[in-house]
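For the sequence shown, my numbering assigns the number 58 to the initial residue and increments by one for each residue that follows.
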Amino acid sequence: MTQSFQALVVDQTHDGEVQAEVRSLKTDSLPAGEVLIRVAYSSINYKDGLAARKDGNIVKSYPFVPGIDCSGTVVSSEDSRFSEGQAVLVTGYGLGVSQFGGFSQYARVPADWVVPLPDGLTLREAMIFGTAGFTAALSLYRLEQNDVAPEKGKVLVTGATGGVGGAAIALLHKRGYHVVASSGKVESHDYLKALGAADVISREEVYDGAESIRPLAKQLWQAAVDPVGGKPLASLLSQIAYNGSVAVSGLTAGTKLPTTVLPFILRGVNLLGIDSVFCPYDTRVAIWKHLGSDWKPEQLEQLVEREIGLADLPSALEDILAARSQGRTIVRLAD
58 MTQSFQALVV
68 DQTHDGEVQA
78 EVRSLKTDSL
88 PAGEVLIRVA
98 YSSINYKDGL
108 AARKDGNIVK
118 SYPFVPGIDC
128 SGTVVSSEDS
138 RFSEGQAVLV
148 TGYGLGVSQF
158 GGFSQYARVP
168 ADWVVPLPDG
178 LTLREAMIFG
188 TAGFTAALSL
198 YRLEQNDVAP
208 EKGKVLVTGA
218 TGGVGGAAIA
228 LLHKRGYHVV
238 ASSGKVESHD
248 YLKALGAADV
258 ISREEVYDGA
268 ESIRPLAKQL
278 WQAAVDPVGG
288 KPLASLLSQI
298 AYNGSVAVSG
308 LTAGTKLPTT
318 VLPFILRGVN
328 LLGIDSVFCP
338 YDTRVAIWKH
348 LGSDWKPEQL
358 EQLVEREIGL
368 ADLPSALEDI
378 LAARSQGRTI
388 VRLAD
(Lines of atoms letter the chains of each structure in order from A and count residues from 1; the text may use other names and numbers.)
(Lines give C-alpha, C1' and ligand atoms only; values in the text may rest on other atoms or scores of the structure.)
Protein backbone atom coordinates (compact mmCIF):
# COMPACT_ATOMS: atom_id res chain seq x y z
CA MET A 1 0.00 0.00 0.00
CA THR A 2 1.32 3.44 -0.93
CA GLN A 3 1.58 5.85 2.01
CA SER A 4 1.94 9.64 1.82
CA PHE A 5 4.31 11.28 4.28
CA GLN A 6 6.41 14.36 4.97
CA ALA A 7 10.18 14.68 4.44
CA LEU A 8 12.84 17.35 4.22
CA VAL A 9 13.90 17.49 0.57
CA VAL A 10 17.06 19.19 -0.65
CA ASP A 11 16.74 20.24 -4.27
CA GLN A 12 18.49 22.41 -6.83
CA THR A 13 16.72 25.56 -8.00
CA HIS A 14 16.62 26.82 -11.60
CA ASP A 15 19.56 29.15 -10.92
CA GLY A 16 21.70 26.31 -9.56
CA GLU A 17 21.32 27.08 -5.87
CA VAL A 18 20.37 24.45 -3.28
CA GLN A 19 17.24 24.75 -1.17
CA ALA A 20 15.84 22.59 1.63
CA GLU A 21 12.09 22.42 2.21
CA VAL A 22 9.46 20.09 3.65
CA ARG A 23 7.56 18.20 0.94
CA SER A 24 4.98 15.48 0.72
CA LEU A 25 6.27 12.20 -0.74
CA LYS A 26 4.89 8.70 -1.26
CA THR A 27 6.46 5.46 -0.08
CA ASP A 28 6.72 4.17 -3.65
CA SER A 29 9.16 7.04 -4.35
CA LEU A 30 11.61 5.70 -1.77
CA PRO A 31 14.73 3.88 -3.03
CA ALA A 32 15.04 0.12 -3.06
CA GLY A 33 15.68 -1.84 0.13
CA GLU A 34 14.39 -4.83 2.07
CA VAL A 35 13.17 -2.95 5.15
CA LEU A 36 10.60 -0.15 5.30
CA ILE A 37 10.79 1.85 8.55
CA ARG A 38 8.32 4.30 10.05
CA VAL A 39 10.79 6.83 11.43
CA ALA A 40 10.26 8.16 14.95
CA TYR A 41 13.44 10.20 15.48
CA SER A 42 16.57 11.37 13.74
CA SER A 43 19.29 13.81 14.79
CA ILE A 44 21.46 16.52 13.28
CA ASN A 45 25.10 15.80 12.51
CA TYR A 46 27.72 17.96 10.81
CA LYS A 47 27.46 15.91 7.61
CA ASP A 48 23.73 16.70 7.46
CA GLY A 49 24.53 20.40 7.39
CA LEU A 50 26.92 19.81 4.50
CA ALA A 51 24.22 17.88 2.63
CA ALA A 52 22.07 21.01 2.56
CA ARG A 53 24.82 23.12 0.97
CA LYS A 54 25.67 23.44 -2.70
CA ASP A 55 29.39 23.06 -1.95
CA GLY A 56 28.96 20.40 0.75
CA ASN A 57 30.20 17.55 -1.49
CA ILE A 58 27.72 15.11 0.08
CA VAL A 59 24.72 14.96 -2.28
CA LYS A 60 25.43 13.63 -5.78
CA SER A 61 21.98 14.04 -7.34
CA TYR A 62 18.78 15.97 -6.61
CA PRO A 63 16.13 15.90 -5.23
CA PHE A 64 17.45 14.22 -2.09
CA VAL A 65 16.38 13.51 1.51
CA PRO A 66 19.29 14.00 3.97
CA GLY A 67 19.70 12.62 7.50
CA ILE A 68 22.48 10.13 8.26
CA ASP A 69 20.66 8.35 11.09
CA CYS A 70 17.19 7.36 12.24
CA SER A 71 15.25 5.19 14.66
CA GLY A 72 11.77 3.80 14.27
CA THR A 73 9.64 0.69 13.81
CA VAL A 74 9.58 -1.79 10.95
CA VAL A 75 6.54 -1.47 8.68
CA SER A 76 7.52 -4.36 6.43
CA SER A 77 10.57 -6.50 5.81
CA GLU A 78 11.66 -8.89 3.08
CA ASP A 79 14.43 -10.12 5.40
CA SER A 80 13.60 -12.70 8.07
CA ARG A 81 15.84 -10.95 10.63
CA PHE A 82 13.30 -8.15 11.02
CA SER A 83 9.57 -8.21 11.61
CA GLU A 84 6.67 -5.78 11.53
CA GLY A 85 6.55 -3.58 14.62
CA GLN A 86 10.17 -4.23 15.64
CA ALA A 87 12.10 -1.24 17.00
CA VAL A 88 15.29 -0.58 15.00
CA LEU A 89 17.89 2.04 14.21
CA VAL A 90 20.14 2.88 11.28
CA THR A 91 23.37 4.90 11.24
CA GLY A 92 26.07 5.23 8.63
CA TYR A 93 26.43 3.22 5.43
CA GLY A 94 24.81 5.25 2.64
CA LEU A 95 21.92 6.68 4.68
CA GLY A 96 21.53 10.37 3.92
CA VAL A 97 24.46 10.22 1.48
CA SER A 98 23.69 7.80 -1.37
CA GLN A 99 20.24 6.72 -0.11
CA PHE A 100 17.31 8.86 1.06
CA GLY A 101 17.94 9.50 4.74
CA GLY A 102 16.33 9.93 8.12
CA PHE A 103 14.76 13.40 7.79
CA SER A 104 11.63 11.65 6.63
CA GLN A 105 8.62 9.98 8.23
CA TYR A 106 9.42 6.81 6.28
CA ALA A 107 12.74 5.30 5.16
CA ARG A 108 13.48 2.22 3.08
CA VAL A 109 16.95 0.72 3.50
CA PRO A 110 18.94 -2.48 2.87
CA ALA A 111 18.45 -5.00 5.68
CA ASP A 112 22.21 -5.19 6.28
CA TRP A 113 22.14 -1.59 7.52
CA VAL A 114 19.50 -2.18 10.20
CA VAL A 115 20.38 -2.69 13.88
CA PRO A 116 17.76 -3.93 16.37
CA LEU A 117 17.15 -1.33 19.08
CA PRO A 118 19.14 -2.63 22.06
CA ASP A 119 17.56 -3.30 25.43
CA GLY A 120 17.92 -0.28 27.66
CA LEU A 121 17.36 2.37 24.97
CA THR A 122 14.20 4.04 23.74
CA LEU A 123 13.90 5.18 20.13
CA ARG A 124 14.45 8.75 21.30
CA GLU A 125 17.50 7.86 23.40
CA ALA A 126 19.03 6.06 20.42
CA MET A 127 18.96 9.34 18.52
CA ILE A 128 20.28 11.35 21.45
CA PHE A 129 23.35 9.24 20.74
CA GLY A 130 22.78 9.06 16.98
CA THR A 131 25.76 9.00 14.64
CA ALA A 132 27.72 11.43 16.82
CA GLY A 133 27.25 9.35 19.95
CA PHE A 134 28.01 6.13 18.12
CA THR A 135 31.22 7.73 16.79
CA ALA A 136 32.20 8.73 20.32
CA ALA A 137 31.48 5.19 21.55
CA LEU A 138 33.52 3.70 18.72
CA SER A 139 36.36 6.04 19.72
CA LEU A 140 36.18 4.76 23.30
CA TYR A 141 36.07 1.17 22.05
CA ARG A 142 39.20 1.64 19.92
CA LEU A 143 41.07 3.47 22.69
CA GLU A 144 40.42 0.65 25.15
CA GLN A 145 41.54 -1.87 22.54
CA ASN A 146 44.85 0.01 22.66
CA ASP A 147 45.27 -0.28 26.44
CA VAL A 148 43.81 3.06 27.49
CA ALA A 149 42.40 2.67 31.02
CA PRO A 150 41.06 5.00 33.76
CA GLU A 151 44.03 4.46 36.08
CA LYS A 152 46.60 5.48 33.45
CA GLY A 153 45.91 9.21 33.35
CA LYS A 154 43.82 11.99 31.91
CA VAL A 155 41.90 11.80 28.63
CA LEU A 156 41.40 14.96 26.59
CA VAL A 157 38.28 15.61 24.49
CA THR A 158 38.59 18.35 21.86
CA GLY A 159 35.65 20.06 20.17
CA ALA A 160 33.88 19.32 23.41
CA THR A 161 30.60 21.16 22.80
CA GLY A 162 29.93 19.29 19.55
CA GLY A 163 27.95 16.10 19.23
CA VAL A 164 30.91 13.72 19.27
CA GLY A 165 32.74 15.69 21.96
CA GLY A 166 29.82 15.90 24.37
CA ALA A 167 28.95 12.23 24.03
CA ALA A 168 32.62 11.29 24.48
CA ILE A 169 32.78 13.22 27.76
CA ALA A 170 29.67 11.50 29.11
CA LEU A 171 30.83 8.03 28.03
CA LEU A 172 34.36 8.44 29.38
CA HIS A 173 33.01 9.74 32.67
CA LYS A 174 30.69 6.74 32.90
CA ARG A 175 33.71 4.47 32.40
CA GLY A 176 35.58 6.17 35.26
CA TYR A 177 38.07 8.32 33.35
CA HIS A 178 39.42 11.72 34.41
CA VAL A 179 38.11 13.73 31.46
CA VAL A 180 39.50 17.10 30.39
CA ALA A 181 37.34 19.02 27.91
CA SER A 182 38.78 21.54 25.47
CA SER A 183 36.48 24.24 24.15
CA GLY A 184 36.61 27.74 22.75
CA LYS A 185 33.26 28.61 24.34
CA VAL A 186 33.77 30.01 27.86
CA GLU A 187 30.01 30.04 28.43
CA SER A 188 29.89 26.25 28.01
CA HIS A 189 32.06 25.31 30.99
CA ASP A 190 29.11 24.49 33.27
CA TYR A 191 27.53 22.37 30.54
CA LEU A 192 30.73 20.39 29.99
CA LYS A 193 31.19 19.76 33.70
CA ALA A 194 27.58 18.61 33.95
CA LEU A 195 28.39 16.01 31.28
CA GLY A 196 31.26 14.69 33.37
CA ALA A 197 34.35 16.76 32.55
CA ALA A 198 36.61 17.06 35.59
CA ASP A 199 38.44 20.02 34.04
CA VAL A 200 37.77 22.41 31.16
CA ILE A 201 40.57 24.15 29.26
CA SER A 202 40.60 26.57 26.35
CA ARG A 203 41.30 25.36 22.84
CA GLU A 204 44.40 27.60 22.87
CA GLU A 205 45.90 25.40 25.60
CA VAL A 206 45.93 22.56 23.07
CA TYR A 207 46.93 24.62 20.03
CA ASP A 208 47.92 28.27 20.39
CA GLY A 209 47.62 29.10 16.70
CA ALA A 210 51.34 29.10 15.98
CA GLU A 211 52.29 28.33 12.39
CA SER A 212 55.15 26.11 13.52
CA ILE A 213 54.10 23.20 15.74
CA ARG A 214 56.61 21.48 18.00
CA PRO A 215 56.82 17.78 17.15
CA LEU A 216 57.23 16.85 20.83
CA ALA A 217 55.94 18.75 23.85
CA LYS A 218 55.23 17.95 27.48
CA GLN A 219 53.36 14.66 27.90
CA LEU A 220 49.96 15.70 29.27
CA TRP A 221 47.38 13.11 28.21
CA GLN A 222 47.31 9.34 28.06
CA ALA A 223 44.74 9.59 25.27
CA ALA A 224 42.38 11.90 23.44
CA VAL A 225 39.14 11.88 21.46
CA ASP A 226 39.51 14.35 18.60
CA PRO A 227 36.70 15.31 16.20
CA VAL A 228 38.64 18.42 15.11
CA GLY A 229 41.68 17.35 13.04
CA GLY A 230 43.99 19.80 11.31
CA LYS A 231 46.69 21.78 13.13
CA PRO A 232 45.07 21.30 16.57
CA LEU A 233 45.48 17.53 16.11
CA ALA A 234 49.13 17.97 15.15
CA SER A 235 49.71 19.94 18.34
CA LEU A 236 47.74 17.40 20.39
CA LEU A 237 49.85 14.51 19.11
CA SER A 238 52.95 16.17 20.55
CA GLN A 239 51.32 16.16 24.01
CA ILE A 240 50.32 12.48 24.20
CA ALA A 241 52.15 10.34 26.75
CA TYR A 242 54.30 7.36 25.86
CA ASN A 243 52.23 4.56 24.24
CA GLY A 244 49.15 6.76 24.34
CA SER A 245 46.49 7.03 21.65
CA VAL A 246 44.36 9.58 19.84
CA ALA A 247 41.03 8.59 18.25
CA VAL A 248 40.35 11.03 15.40
CA SER A 249 36.96 11.24 13.73
CA GLY A 250 36.54 14.74 12.35
CA LEU A 251 37.95 17.54 10.23
CA THR A 252 36.33 20.77 11.42
CA ALA A 253 39.82 22.34 11.60
CA GLY A 254 40.84 20.97 8.21
CA THR A 255 42.15 17.84 6.54
CA LYS A 256 45.87 18.62 6.50
CA LEU A 257 47.96 17.25 9.37
CA PRO A 258 51.32 19.10 9.68
CA THR A 259 53.09 16.72 12.02
CA THR A 260 56.24 14.59 11.99
CA VAL A 261 56.92 10.93 12.65
CA LEU A 262 58.50 11.75 16.04
CA PRO A 263 55.43 11.21 18.28
CA PHE A 264 54.98 7.80 16.67
CA ILE A 265 58.56 6.51 16.66
CA LEU A 266 59.88 8.13 19.85
CA ARG A 267 56.80 7.84 22.06
CA GLY A 268 54.91 5.01 20.40
CA VAL A 269 51.78 7.16 19.98
CA ASN A 270 48.85 5.55 18.15
CA LEU A 271 46.71 7.62 15.79
CA LEU A 272 43.42 5.72 15.49
CA GLY A 273 41.15 6.57 12.59
CA ILE A 274 37.47 6.29 13.55
CA ASP A 275 35.06 5.48 10.73
CA SER A 276 31.50 5.01 11.93
CA VAL A 277 30.10 4.76 8.38
CA PHE A 278 31.37 1.30 7.43
CA CYS A 279 32.10 -0.04 10.90
CA PRO A 280 31.72 -3.86 10.77
CA TYR A 281 28.20 -4.96 11.63
CA ASP A 282 29.15 -7.21 14.58
CA THR A 283 31.16 -4.38 16.16
CA ARG A 284 28.30 -1.97 15.48
CA VAL A 285 25.77 -4.19 17.27
CA ALA A 286 28.14 -4.78 20.20
CA ILE A 287 28.71 -1.05 20.71
CA TRP A 288 24.98 -0.28 20.60
CA LYS A 289 24.44 -2.95 23.25
CA HIS A 290 27.03 -1.21 25.43
CA LEU A 291 25.22 2.10 24.88
CA GLY A 292 22.01 0.56 26.20
CA SER A 293 23.67 -1.00 29.25
CA ASP A 294 27.05 -0.52 30.95
CA TRP A 295 28.12 2.54 28.91
CA LYS A 296 24.82 4.43 29.13
CA PRO A 297 25.45 7.72 30.96
CA GLU A 298 23.10 8.85 33.69
CA GLN A 299 23.27 12.37 32.22
CA LEU A 300 22.23 11.29 28.70
CA GLU A 301 19.43 13.86 28.61
CA GLN A 302 21.98 16.60 29.33
CA LEU A 303 23.32 16.09 25.80
CA VAL A 304 20.07 17.38 24.27
CA GLU A 305 20.07 21.05 23.34
CA ARG A 306 16.64 20.94 21.72
CA GLU A 307 14.06 18.75 20.03
CA ILE A 308 12.61 20.01 16.75
CA GLY A 309 10.25 18.98 13.97
CA LEU A 310 10.74 18.89 10.21
CA ALA A 311 9.82 22.54 9.72
CA ASP A 312 12.70 23.67 11.95
CA LEU A 313 15.36 21.64 10.14
CA PRO A 314 16.61 24.19 7.55
CA SER A 315 17.65 26.74 10.17
CA ALA A 316 19.01 24.04 12.49
CA LEU A 317 21.25 22.74 9.69
CA GLU A 318 22.65 26.24 9.25
CA ASP A 319 23.32 26.42 13.00
CA ILE A 320 25.47 23.30 13.10
CA LEU A 321 27.67 24.53 10.23
CA ALA A 322 28.07 27.91 11.93
CA ALA A 323 29.03 26.25 15.26
CA ARG A 324 26.00 27.79 16.93
CA SER A 325 24.96 24.45 18.43
CA GLN A 326 25.84 23.00 21.82
CA GLY A 327 25.06 19.34 22.26
CA ARG A 328 22.53 17.37 20.27
CA THR A 329 19.53 18.46 18.24
CA ILE A 330 16.91 15.69 18.08
CA VAL A 331 14.48 15.60 15.18
CA ARG A 332 11.01 14.22 15.91
CA LEU A 333 9.41 12.64 12.83
CA ALA A 334 6.46 10.78 14.33
CA ASP A 335 3.07 12.50 14.13
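Don't be surprised by glycine CBs; every beta carbon is placed ideally from N, CA and C.
In terms of Cβ geometry, serine 99 and phenylalanine 160 form a close pair [threshold 7 Å]. In the three-state scheme derived from DSSP, where H, G and I count as helix and E and B as strand, alanine 267 is classed as coil. When rounded, the separation of the alpha-carbon atoms in glycine 151 and valine 285 is 23 Å. Of the residues assessed, glutamine 296 falls on the buried side of the cut-off, its CB having 16 or more other CB atoms within 10 angstroms. With a cutoff of 7 Å on beta-carbon distance, alanine 291 and threonine 316 are scored as near each other. Each residue's CA atom was taken as its position, placing serine 239 and alanine 217 some 6 Å apart. Spanning the alpha carbons of glutamine 60 and valine 145 requires a straight line of approximately 20 Å. Taking 7 Å as the cut-off, the beta carbon of asparagine 102 is found no closer than this to the beta carbon of threonine 215. Rounded to the nearest whole angstrom, the CA to CA distance from glutamine 76 to glutamate 364 is 22 Å. Distance from the CA of alanine 164 to the CA of histidine 347, rounded to the nearest whole angstrom, comes to 26 Å. For serine 196, the enclosing alpha helix (DSSP H) stretches over residues 180-202.
Here the alpha carbon of valine 122 sits roughly 7 Å from the alpha carbon of alanine 64.
In the DSSP secondary-structure assignment, glycine 129 is bridged to Val96, Val145. One Cα belongs to leucine 174, the other to valine 147, and the distance between them is close to 9 Å. Look at alanine 206 here: in three-state DSSP terms it is coil, with no helix or strand label. Beta-bridge annotation (DSSP): alanine 64 is paired with Arg80, Ser161. The beta carbon of serine 118 lies closer than 6 Å to none in the same chain, with the five residues before and after it left out. Here proline 371 carries a helix assignment [DSSP, helix/strand/coil]. Threonine 340 carries a helical assignment under DSSP once its states are collapsed to helix, strand and coil. Distance from the Cα of alanine 373 is smallest, within the candidate group Ala109, Val92, Leu93, Glu74, for Ala109.
The DSSP-derived three-state label of glutamate 74 is coil. Within the DSSP bridge table, the entry for glycine 330 names Val305 as partners. Per DSSP, the continuous alpha helix (DSSP H) segment holding serine 292 begins and ends at 287-294. Rounded to whole angstroms, glutamine 143 and aspartate 351 show a C-alpha spacing of 23 Å.
Straight across, the Cα-Cα distance linking leucine 213 with valine 282 is about 6 Å. By DSSP's assignment, arginine 385 forms a beta bridge with Val361.
Under DSSP, tryptophan 170 forms no beta bridge with any residue. Pairing glycine 220 with alanine 380, the inter-Cα distance amounts to about 11 Å.
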